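A.B. asks:
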Amino acid sequence: DHQEDSPDGSPKFLIGMKNTAVLEKTFLRFMVKVSGSPKPEVKFYKDDRFITSANQRVKIDKSRSSAGYYELILPQVTEEDAGQYKCIAMNEHGEAESEATLSVTDDKTIFYGLENSDLLKSGETPQFQWLRDGQPFQPEDRFKVDYKVSWKVK
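What follows is the structure, given as structure tokens:
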């Protein structure tokens with residue numbers, strides 16, 4: 001899809017990183033989409049330190065790099081993961097960067113207002129509606145939403 005490329009072939013972020021706040025012990029995925037010709041080399045950094053494949057806690061997914069997608073995945077976020085993340089794309093024509101701040105909290109007030117709501121009954125399927133600034137929107141173009149249901153028996 002080369003109409004999205006810069007005229008000179010230099011790297012360009014079609015989808016960049018966004019500042020994010022997450023709960024501790026949750027799953028996080030930063031996804032970027034990059035164009036350029038030749039295909040740019042893409043590297044991720046945390047607090048200006050290069051994230052290598054030797055990092056056991058962070059996964060860099062390049063499985064869709066042929067379409068320009070790269071993902072930085074933290075399967076189990078901890079407080080130490082908070083900081084400034086950066087993605088740099090470079091080729092012979094130049095480089096581009098996208099950055100975002102990750103904040104980590106153990107404060108569960110993101111669920112404010114739900115504590116008195118009706119819980120799902122056994123066998124019911126949850127229904128979701130995403131809101132941005134109070135208005136419904138479809139997150140598929142920017143976010144991939146994975147959720148797992150867990151049950152605790154008392």
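So the sequence shown is residues 1 to 154, counted in full-length UniProt numbering. For each residue, glycine too, the CB sits at the ideal point set by N, CA and C. The structure presented is a predicted model; accordingly, all values stated were derived computationally and were not measured.
To the nearest angstrom, how far is the alpha carbon of Asp1 from that of Lys18?
C.D. replies: Note that Asp1 has pLDDT 41, beneath the 50 cutoff, so the model's placement of it is unreliable and the number below is only indicative. If you take the alpha carbons of Asp1 and Lys18, they lie about 24 Å apart.
A.B. asks: Would you call the stretch 10 to 25 in contact with the stretch 90 to 100, where contact means no fewer than 3 C-beta pairs closer than 8 Å?
C.D. replies: As far as the Cβ criterion goes, the stretch 10 to 25 touches the stretch 90 to 100, which means the pair count is three or higher.
A.B. asks: Using 8 Å as the cut-off, can you tell me whether the stretch 86 to 95 makes contact with the stretch 36 to 47, which would need three or more C-beta pairs spanning the two stretches below that distance?
C.D. replies: Contact between the stretch 86 to 95 and the stretch 36 to 47 is present, because at least three Cβ pairs lie under 8 Å.
A.B. asks: Taking its Cβ as the centre, do 16 or more other Cβ atoms sit within 10 Å of Gly134, making it buried, or is it exposed?
C.D. replies: Counting Cβ neighbours within 10 Å, Gly134 comes out exposed, since fewer than 16 surround it.
A.B. asks: Just confirm the distance between the C-beta atoms of Phe30 and Glu71, as a whole number of angstroms; I'd bet it's less than 8 Å.
C.D. replies: Between Glu71 and Phe30 the Cβ distance is about 7 Å, and since that is below 8 Å, they are a contact.
A.B. asks: First and last residue of the beta strand (DSSP E) that includes Asp61?
C.D. replies: Its beta strand (DSSP E) spans residues Lys59 to Asp61.
A.B. asks: How would you label Leu102, buried or exposed, when you count the other beta carbons within 10 angstroms and need 16 or more for buried?
C.D. replies: Per the 10 Å Cβ criterion, buried.
A.B. asks: Determine the direct distance from the alpha carbon of Asp61 to that of Leu74, and round the result to whole angstroms.
C.D. replies: Going from the Cα of Leu74 to the Cα of Asp61 covers about 11 Å.
A.B. asks: What do you reckon, are the CB atoms on Val77 and Glu124 nearer than 8 Å?
C.D. replies: Not closer than 8 Å, so no.
A.B. asks: Assuming Val34 and Pro11 make a contact with CB atoms under 8 Å, what is their CB distance in whole Å?
C.D. replies: Sure, about 6 Å apart at Cβ, within 8 Å.
A.B. asks: Return helix, strand or coil for Ser10, following the three-state DSSP convention.
C.D. replies: DSSP places Ser10 in coil when its eight states are reduced to three.
A.B. asks: Spatial neighbours of Phe50 within its chain, please: CB distance less than 7 Å, with the 5 preceding and 5 following residues excluded, ordered by chain position.
C.D. replies: The answer, listed in chain order, is Lys43.
A.B. asks: Once you ignore the five residues that flank Arg132 on each side, which residues in its own chain have a CB closer than 8 Å to its CB?
C.D. replies: Cβ neighbours of Arg132 beyond the five flanking positions: none.
A.B. asks: Can you tell me where the beta strand (DSSP E) holding Gln84 begins and where it ends?
C.D. replies: Residues Gly83 to Asn91.
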